[in-house]
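Counting the sequence shown from 1 gives a position; our numbering is that position plus 88.
Right, one structure below, let's go through it.
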Amino acid sequence: MSNTPPQGSEIKIDTLNGHQHILVPHGKGGTMRYFIGLFLLFWMGCWFIGFTIAFSQISSGEGDAFLIFWLGGWTVGGLFAGYMIYRVFQKSIPEQLLLNRPSLSLDTGVPPLKIDFGMHSQKDYWKSIFPKRKRIEFTPSELKTMELRETDNGNRLTIDKGAERVEIATGATEIEREWLFGYLQRNYSIQVN
89 MSNTPPQGSE
99 IKIDTLNGHQ
109 HILVPHGKGG
119 TMRYFIGLFL
129 LFWMGCWFIG
139 FTIAFSQISS
149 GEGDAFLIFW
159 LGGWTVGGLF
169 AGYMIYRVFQ
179 KSIPEQLLLN
189 RPSLSLDTGV
199 PPLKIDFGMH
209 SQKDYWKSIF
219 PKRKRIEFTP
229 SELKTMELRE
239 TDNGNRLTID
249 KGAERVEIAT
259 GATEIEREWL
269 FGYLQRNYSI
279 QVN
């Protein structure tokens, strides 16, 4: 098996602090998100007009309790829309693996916002909107749990960290994950179960 990623792969291998450093891009996220981003930018213009009118009425003493309540909800909606605009146009940060033997360091990076109307669970939807960047250090004994698992949706490359099963190279293709599995096995002398 080759020490270079498969032909056409966007995976990059370089050196960081004297250790092999692998960058696995998360993908593009699709063009639908830009249409939603443009809509939200237009909506924020309208939001600003509504906010300005309501705030000026309350400031002049003409606003009642309902307008104050409405302005509070409008403000929360504007903050959420502003965050969504940020997520839509936020540049993706690739997943990174640092082969600092005998350990392996993982930085999950930040995937782009993916608009998928077919998401099967609310949990997956909220995780895509509010991604958590994790930095995980795998010990040699944890690396022995590395496995390429076949599922109905393709393969998954995983390493167990305590009670958590951590998925590696989530943005990679199946062929790239197979290559990465072999590459890590060779570099850490891990035997296949």
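Each residue gets a CB set at the ideal place from its N, CA and C atoms; glycine is no exception.
Burial state of residue i (16 or more Cβ within 10 Å)
i	result
Leu-167	exposed
Gln-95	exposed
Ala-251	exposed
Asn-281	Here Asn-281 scores only 49 on pLDDT, less than 50, and its place in the model is too uncertain to base an answer on.
Ala-153	exposed
Gly-197	buried
Gly-133	exposed
Arg-253	exposed
Residues bridged to residue i (per DSSP)
i	result
Leu-245	Leu-236, Ile-256
Gln-184	Leu-111, Asp-195
Simplified DSSP assignment, three categories, for residue i
i	result
Glu-98	coil
Ile-146	helix
Thr-140	helix
Leu-201	coil
Thr-119	coil
Residue range of the beta strand (DSSP E) that includes residue i
i	result
Gln-178	Here Gln-178 belongs to no beta strand (DSSP E), and DSSP marks it neither H nor E.
Glu-262	First-last for Glu-262: 262-276, but that is the alpha helix (DSSP H), not the beta strand (DSSP E).
Ile-224	223-226
Same chain only: Cβ atoms within 7 Å of residue i, ignoring 5 sequence neighbours per side
i	result
Ser-97	Glu-264
Nonlocal neighbours in the same chain, by C-beta distance under 6 Å from residue i, ignoring five residues either side
i	result
Asn-188	His-107
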